[in-house]
Amino acid sequence: MAVDTPARIVIVGAGPIGIEAALYARFLGYEVTLFDRGEVGSHLLEWGHVPMFTPFGMNCTPLGLSALAAQDDDYVPPAEDAVLTGSEFVEQYLLPLAETDLVADGLKLRHEVISISRKSQLKQQNYGQPSRSAEPLVTLVKDAEGHEHLFESEIVLDCSGVQGQPNYLGGGGNPALGELASRPQFEFGVIDPSGADRERYANQQVLVIGSGFTAATNICELSRLARESLETHVTWITRNEIPAEGSGPLTVDQEDPFPQRRRVADQANQLASDENGHIDHWPETTVKGIHYESQNDHFHVTLAGKHEGVHTFDRVLADVGHRPNLDMLRELQVATCILSEAPRKLAALWFAGGGADACQNDPTALVHPEPNFYILGAKSFGRRSDFLLSIGFDQIRQVFALIGDRENLNLYAKPLPPSK
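Quick note, the sequence shown lines up with residues 1 to 420 if you use the UniProt record's numbering.
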């Protein structure tokens with residue numbers, strides 16, 4: 001059943017997908033409130049010095065560009081083929097978009113969503129019944145001063161991403177022994193050892209954990225530092241064995257459409273196999289325990305596997321992936337995959353052989369038993385790490401076609417006339 005304008009929509013997360021979803025909803029005439037516990041694009045700014053893998057043309061929408069042109073006659077977008085850093089993307093596109101009239105009016109920063117529920121109905125009530133949607137959804141929010149507020153809406157879009165929820169280090173996914181106490185002292189994500197983080201990492205013994213593109217990017221960044229600060233040494237541990245001698249820990253797709261991503265993987269693999277460099281790669285190795293010694297500002301790390309034993313490091317970088325925060329959704333009838341923690345229907349398409357964009361031809365893959373609740377963006381990919389913004393934009397289009405019961409609704413089909 002269609003939810004017509006001017007229904008109320010709550011959106012969680014002021015990243016690219018949340019901002020674009022808010023714009024899409026406002027353009028259609030919905031009343032939008034957009035929450036973020038930090039600032040606009042805060043997750044992007046955490047790796048702001050790093051070039052994005054995809055060009056700007058894949059990271060913007062016709063609707064977004066139209067809104068910016070309507071807001072400012074002098075706005076000039078980056079070139080479609082420009083490869084921006086995370087900070088450049090926020091400064092040149094995302095933040096200006098958040099400041100447009102259509103988005104800014106409903107934007108509430110430094111507001112953390114604590115929980116979402118159905119008004120006057122418990123999780124176990126009215127499963128699959130039309131009466132479930134008779135009452136609004138209720139979002140509990142805590143503001144920057146610690147005050148709590150309730151917001152009612154007919155629709156909730158969870159675009160909160162996964163970057164704030166890193167996985168644990170232990171071999172089976174549990175926290176390693178001592179990890180919870182030591183976590184505040186080590187880093188997650190991509191660091192800037194040639195810039196803001198140089199003093200912290202120069203001439204240090206650094207442990208990098210993980211085998212994805214985040215770890216690979218850190219390895220490349222740290223190798224540059226090591227060539228300048230010669231006492232810098234990096235140990236890179238990965239849990240899997242190397243498929244072939246000299247191949248490195250990352251699988252490189254030579255047909256990868258994004259050259260920057262392929263270059264990072266190639267370079268990291270070369271560094272891992274260079275016996276004369278500043279980087280030691282230890283495959284088939286996991287973290288069993290970790291203890292931070294504050295007096296000497298270093299870590300004693302107990303490793304299991306091929307390089308078992310206790311080793312000492314000055315810095316620890318944990319790049320072991322992320323998971324979605326499902327705690328805020330505990331009172332909703334949300335169906336997630338037991339393996340990936342993505343929406344169950346979407347994950348089923350993947351396991352049936354569909355690619356990352358498997359939901360393009362089946363928008364119902366984004367539907368949960370909870371009426372008018374949707375997970376979009378990186379969070380919809382659960383523990384997968386291959387989400388692209390262009391997929392998220394298509395999810396926005398699909399969801400609003402479902403919400404309005406208008407199969408052919410597509411505000412991204414062509415540039416729209418200016419709207420103020």
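Think of the CB as a built atom: it goes at the ideal place given N, C-alpha and C, for glycine as much as any other residue.
1. Name the two residues that bound the continuous alpha helix (DSSP H) containing His311.
2. Using the Cα positions of Arg132 and Glu407, report the straight-line distance between them to the nearest angstrom.
3. When the Cα of Ser160 is compared with those of Pro16, Leu68, Val190, Asp4, which residue comes out closest?
4. Look at the Cβ atom of Tyr30, then the Cβ atom of Pro6, and state whether they are nearer than 8 Å.
5. Which same chain residues, not among the five before or five after Ser419, have their C-beta less than 8 Å away from its C-beta?
6. By alpha-carbon positions, which one of Glu308, Arg8, Leu329 ends up nearest to Lys123?
7. Below 8 Å, how does it come out for the segment 366 to 385 and the segment 334 to 350: are there three or more Cβ pairs, yes or no?
8. So, for residue 466: in the same chain, excluding its five sequence neighbours on each side, which residues have a beta-carbon less than 8 Å away from its beta-carbon?
9. Among Gln121, Asp36, Pro283, Lys119, whose alpha-carbon lies nearest the alpha-carbon of Lys306?
10. Across which residues does DSSP place Lys119 in a beta bridge pair?
11. Measuring CA to CA, which of Tyr201, Tyr374, Asp386 is closest to Gln395?
12. Excluding the 5 residues flanking Arg37 on each side, which residues of the same chain have their C-beta closer than 6 Å to its C-beta?
13. When the Cα atoms are used, what is the spatial distance from Phe53 to Gln270?
14. So, helix, strand or coil for Gly354, using DSSP?
15. So for Lys345, helix, strand or coil by DSSP?
16. What's the C-alpha gap between Pro417 and Gly353?
17. Let's see if you can read the secondary structure: which residues bound the beta strand (DSSP E) around Gln205?
18. Span of the alpha helix (DSSP H) holding Leu68?
19. For residue 494, report the span of its alpha helix (DSSP H) as first-last.
20. Can you tell me which of the three DSSP states Thr5 falls into?
21. Just curious, the alpha helix (DSSP H) that Leu303 is in, first and last residue?
22. Looking only at its chain, what residues have a beta carbon closer than 8 Å to the beta carbon of Thr85, apart from the 5 residues adjacent to it on each side?
23. Under the DSSP definition of a beta bridge, which residues are partnered with Val264?
24. CA-CA distance, Gly382 and Asn325?
25. To the nearest angstrom, report how far apart Ser321 and Pro363 are at their CA atoms.
26. Going straight from the alpha carbon of Asp405 to that of Ala356, what length do you get?
27. What would DSSP say about Ala318, mapped onto helix, strand or coil?
28. Report all residues from its chain with a CB closer than 8 Å to the CB of Phe90; omit the five preceding and five following residues, and keep chain order.
29. Whole angstroms are fine: how far does the CA of Gln125 sit from the CA of Ala304?
30. Using 10 angstroms around the beta-carbon of Ala2, count the other beta-carbons present and answer buried if the total reaches 16, otherwise exposed.
31. I need the boundaries of the beta strand (DSSP E) containing Ser42, first residue and last residue.
32. In the DSSP assignment, the beta strand (DSSP E) including Phe381 goes from what residue to what residue?
33. When DSSP labels each residue in this structure, what does Asp253 get in the three-state scheme?
Taking the structure as given:
1. Looking at the DSSP string, His311 is not in any alpha helix (DSSP H); the run it does join, the beta strand (DSSP E), is 309 to 313.
2. 24 Å
3. Pro16
4. yes
5. Caution is warranted here: a pLDDT of 41 is assigned to Ser419, below 50, making its placement in the model unreliable, and the coordinate value is therefore given only provisionally. Excluding sequence neighbours, Ser419 sits near Phe27, Ser66, Ala67, Ala70, Leu102.
6. Leu329
7. yes
8. One cannot answer for residue 466 here, as it falls past the ends of the chain, which runs 1 to 420.
9. Pro283
10. Lys119 pairs with nothing; no bridge assigned.
11. Tyr374
12. Glu112
13. 19 Å
14. coil
15. In the three-state reduction of the DSSP assignment, Lys345 falls in the helix class.
16. Note that Pro417 scores 49 on pLDDT, short of 50, meaning its location in the model is unreliable and no value can be drawn from it.
17. Counting along the chain, the beta strand (DSSP E) containing Gln205 begins and ends at 205 to 209.
18. 62 to 71
19. Residue numbering for the chain in the displayed model covers 1 to 420; residue 494 lies beyond these limits and cannot be assessed.
20. The answer is coil: DSSP assigns Thr5 none of H, G, I, E or B.
21. Where Leu303 is concerned, there is no enclosing alpha helix (DSSP H), although the beta strand (DSSP E) it sits in stretches over 298 to 305.
22. Gly48, His49, Val50, Pro51, Met52
23. BP columns for Val264 are empty, so no partner.
24. 9 Å
25. In the sequence under discussion, the amino acid at residue 321 is Gly, which differs from the Ser named in the question. Looking at the two C-alpha atoms, the distance is approximately 27 Å.
26. The C-alpha of Asp405 lies about 25 Å from the C-alpha of Ala356.
27. strand
28. Here residue 90 is Val; the residue named in the question, Phe, does not match the sequence. The answer, listed in chain order, is Val40, Gly41, Leu44, Leu45, Gly48.
29. 46 Å
30. exposed
31. From DSSP, Ser42 is part of no beta strand (DSSP E) but of the alpha helix (DSSP H) over 42 to 45.
32. Counting along the chain, Phe381 falls outside any beta strand (DSSP E), and DSSP gives it neither H nor E.
33. coil
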